[in-house]
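K.L.:
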Amino acid sequence: MLKNYTEKTSVAKTIIALIVVAILEFIAFYILLPPLNIHDIGSWIFQGFFVLLFLIATFFCSKENNIEQLSVTIVSKIVTAVITIGVVVVVIGGLTSLEIFNASRYSSLIKVKECKFEDEIAQTDTVNDIALMDTKSARVVGERAIGSLSDLVSQYVINQDYNQIDYNGQPKKVATLEYADFFKWFNNRKNGIPGYILVDPVEFEAEYIKLDKPIKYTSSARFNDKLQRKLRFEYPTAIFEGYYFELDNDGNPYYICPTLTAKIGLFGGKDVKGVVIFDPCTGKSKYYDVKNVPQWVDRVYDGDLATRKFDWYGTLSDGFINSIIGQKDCKITTEDYGYKVMDDDVWIYTGVTSVIDDSSNIGFVMINARTGETRYFKAAGAEEFSAMDAAEGQVQNLGYKASFPAIINIGGEPTYFMVLKDKSNLVKQYALVNVKKYSIVATGTTQRDTLSSYNKLMKENNLGNKQAIDDMNNDLPNVNIQVTDIEYITTDGETYVYISDENNNVYKELFAEDESLIFIKPGAQITIYYEEDKKDGKKNADESQSTTDGESQENGLDNAKYDSQNIKTIVKWKAQGE
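Going by the working numbering, the sequence shown opens with residue 4, and the numbers climb by one from there.
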């Protein structure tokens, strides 16, 4: 009878141990939020830990509390078998996922279309509509947007991950507000997050958008209001690649959450399977297969995932052994990547270099962040960081640092376009660097001045389509004038030419950009091609950032005599009748 009592007590202890371990596992699951998915190695580790914990608990619950007794208990045998099977599955699954056994499958995860640069990338006639702002600069501009809103600054901070989106055909960067800390969440949880920051990376401006219905679910919220926890409990098996804040065409906020699955073996070749679109205001969500994602969504494929897939394609297409020995035709992407809005989609772009010699590019790749479409362009030349160094070398006395460049087409020539920033991440100048010949570098305080300098360097070095370069500005507004006055004004070491006509209109040009201006005399009749005084085309880098150090408006360069006048910037000029 005592024996039966002891056995019942042992069983009861085992049940209690099971309940305790289950409670501990739930608590851990609530905190860590791992996916319950066989294709995620973390899930196996998570489950294996608690199965092992239960096995240890059964030992202490056995009636003799020794290893011999443990080995004969039914529960311990079952648990040991489960652990053994799990280890075998993970080992075999891991081996069958290795690149050495699946080189062709890895290289086939992405379909690459080889394209001609000039056929796919439209020629740029102007550079004042290109988004050059990086995330660091977006943070600076974004902070200014809420700096004067004391009720927001005291309770919320801006999420540091600004996402690049295509908003109704325009490139934008967007970031939601977040709770500053636990107590800010606790005090404001009923009111939620009131809005988000929308940044224009072309004009270097930001605005705070207040929502009619506040955001409830976000990464900085706690307990059941936390975005990741809300999604995990609704989609317990989903392997979420990320959580990207975006806007639909009406400005409504959503989190775009791509889900992954293993395409090779048990763990290998992770690729996007679908997307969960989550409304953070209402908590409602919907799953879409990767082929049926709505058009307005921009970020289905993250840049890291997209470039990793291209690297598999570039290194494993001729087999695993070739990727290690010989490395014939093996190519990989460069260390960083950027985003470009094109064809109403966001595209990831980066350079492609040889694995043997990574000092220069052999081309570059563009990957559609929504569809995964991949285009490869052969264009030998400088890799991005060499181009950035070349641009920084032009202004080394000022200590400016270059941002990661955009790739554009000027006169048929692949060209890097980037901004040069000071230590405060304020944009000070712009730079254009030729991809094929990165010694050709043009810098300027305005985008137009930089383009003008670059075109002249192209002509001098016999690069690009000369006719295309000559015709680049023919569509600009132009006017026939008679010169009534001409002045040369030097500011900060730069000489500007100011031309007045009979109607008191004023036109200006940097003398160093066109020294032929010296031949213009009062009374001359000339045709001027000009740009209007627009924010995105005329403002210099300092003014775009709206610094507060007393910089003058009107490019920060104009003499006070012309401050109140509508000055047009000369792009080119010619004598009437030419």
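Glycine residues also receive a C-beta, built at the ideal position from the N, C-alpha and C atoms.
No experiment lies behind these values; they were computed from the predicted model shown.
(1) Measuring only the C-alpha atoms, how far is residue 414 from residue 254?
(2) Distance, Cα to Cα, residue 123 vs residue 116?
(3) DSSP state of residue 183, grouped into three classes?
(4) Let me confirm a value: residue 574 is counted as buried when at least 16 other C-beta atoms fall within 10 Å, else exposed. Which label applies?
(5) Could you tell me the alpha carbon to alpha carbon distance between residue 160 and residue 182, rounded to whole angstroms?
(6) Give, in chain order, every unbroken run of the beta strand (DSSP E) that is at least 3 residues long and sits entirely within the region 294-346.
(7) On the DSSP bridge list, what partners appear for residue 263?
(8) Buried or exposed for residue 560, going by 16 or more other Cβ atoms inside 10 Å?
(9) Apart from the five residues on each side of it in sequence, which residues of its chain come closer than 7 Å, Cβ to Cβ, to residue 168?
(10) Between residue 120 and residue 203, what straight-line distance do the alpha-carbon atoms span, to the nearest angstrom?
(11) Where does residue 438 sit, in a helix, a strand or coil, going by DSSP?
(12) Check whether the Cβ atoms of residue 55 and residue 86 sit closer than 8 Å, and answer yes or no.
(13) Output the distance between the C-alpha atoms of residue 505 and residue 517, rounded to the nearest integer angstrom.
(14) Is it buried or exposed, residue 22, if we count other Cβ atoms within 10 angstroms and call 16 or more buried?
(15) If we call anything under 8 Å between Cβ atoms a contact, is residue 3 one with residue 421?
(16) Report the CB separation of residue 3 from residue 514 in whole angstroms; it is logged as a contact under 8 Å.
(17) Any idea what DSSP makes of residue 457, helix, strand or coil?
(18) Does DSSP put residue 82 in a helix, a strand or coil?
(19) From residue 519 to residue 261, what distance separates their C-alpha atoms?
(20) For the beta strand (DSSP E) holding residue 158, just list the boundary residues, first then last.
(21) Is DSSP giving residue 130 helix, strand or coil here?
(22) Within 10 Å of its beta-carbon, does residue 542 have 16 or more other beta-carbons around it, so buried, or fewer, so exposed?
(23) Distance check for residue 344 and residue 200, CA to CA, integer angstroms please.
(24) What residues in its chain sit with their C-beta under 7 Å from that of residue 102, if we drop five residues either side in the sequence?
(25) Which term fits residue 281, buried or exposed, when burial requires 16 or more other beta carbons within 10 angstroms of its beta carbon?
(26) Determine the direct distance from the alpha carbon of residue 113 to that of residue 418, and round the result to whole angstroms.
(27) Quick check on residue 225: buried or exposed, where buried means 16 or more other Cβ atoms within 10 Å of its Cβ?
(28) Distance, Cα to Cα, residue 2 vs residue 278?
(29) Cβ of residue 489 within 8 Å of Cβ of residue 529?
(30) DSSP state of residue 528, grouped into three classes?
(31) Given 8 Å as the limit, is there contact between the region 354-365 and the region 380-390, that is, 3 or more CB pairs closer than that?
(32) Where does residue 220 sit, in a helix, a strand or coil, going by DSSP?
(33) For residue 120, does the three-state DSSP call read helix, strand or coil?
(34) Less than 8 Å separating the beta-carbons of residue 53 and residue 93?
(35) Reducing DSSP to helix, strand and coil, say where residue 54 ends up.
(36) Within 10 angstroms of its Cβ, does residue 465 collect 16 or more other Cβ (buried), or is it exposed?
P.N.:
So, to answer that:
(1) One C-alpha to the other measures close to 37 Å.
(2) Using only the alpha carbons, I get a separation of about 11 Å.
(3) Residue 183 falls in the coil class under three-state DSSP.
(4) It is buried - the Cβ of residue 574 has at least 16 other Cβ atoms within 10 Å.
(5) Just so you know, the alpha carbons of residue 160 and residue 182 end up roughly 6 Å apart.
(6) With a minimum length of 3 residues, the unbroken runs of beta strand (DSSP E) contained wholly in the region 294-346 fall at 334-336 and 341-345.
(7) Beta-bridge pairing links residue 263 to 242 and 275.
(8) Only weak support exists for where residue 560 lies, its pLDDT of 39 falling under 50; the coordinates are left without a value.
(9) Sequence-distant Cβ neighbours of residue 168 in its own chain, meaning closer than 7 Å and more than five residues away, are 175, 177, 249, 250, 301 and 349.
(10) Their backbone Cα atoms lie some 27 Å apart in a straight line.
(11) The answer is coil: DSSP assigns residue 438 none of H, G, I, E or B.
(12) Between residue 55 and residue 86, the C-beta spacing is below 8 Å.
(13) The straight-line gap from Cα to Cα measures roughly 23 Å.
(14) It is exposed - the Cβ of residue 22 has fewer than 16 other Cβ atoms within 10 Å.
(15) With the chain covering only 4 through 581, there is no way to say anything about residue 3.
(16) The structure shown does not extend to residue 3, since the chain is modelled only from 4 through 581, so no value can be given for it.
(17) The three-state secondary structure of residue 457, taken from DSSP, is helix.
(18) Helix, per DSSP.
(19) Just so you know, the alpha carbons of residue 519 and residue 261 end up roughly 57 Å apart.
(20) Note, residue 158: premise wrong, no beta strand (DSSP E); not H, not E.
(21) When DSSP states are grouped into helix, strand and coil, residue 130 belongs to the coil group.
(22) Because residue 542 sits at a pLDDT of 45, beneath the cut-off of 50, its placement in the model cannot be relied upon, and the point is left open.
(23) C-alpha of residue 200 to C-alpha of residue 344: approximately 19 Å in a straight line.
(24) Correct list, in chain order: 109, 319 and 323.
(25) Using a 10 angstroms sphere on the CB of residue 281, the tally of other CB atoms reaches 16 or more, which defines it as buried.
(26) Our two residues, residue 418 and residue 113, have alpha carbons roughly 27 Å apart in a direct line.
(27) The residue is exposed, with fewer than 16 neighbouring Cβ atoms inside 10 Å.
(28) With the chain covering only 4 through 581, there is no way to say anything about residue 2.
(29) One thing to note: residue 489 has its Cβ no nearer than 8 Å to the Cβ of residue 529.
(30) Three-state DSSP puts residue 528 in a strand.
(31) The answer is yes - the region 380-390 touches the region 354-365, with three or more Cβ pairs under 8 Å.
(32) DSSP places residue 220 in coil when its eight states are reduced to three.
(33) Reduced to three states, the DSSP call for residue 120 is helix.
(34) One thing to note: residue 53 has its Cβ no nearer than 8 Å to the Cβ of residue 93.
(35) Collapsing the DSSP output to three states places residue 54 in a helix.
(36) With fewer than 16 Cβ atoms within 10 Å of its Cβ, residue 465 is classed as exposed.
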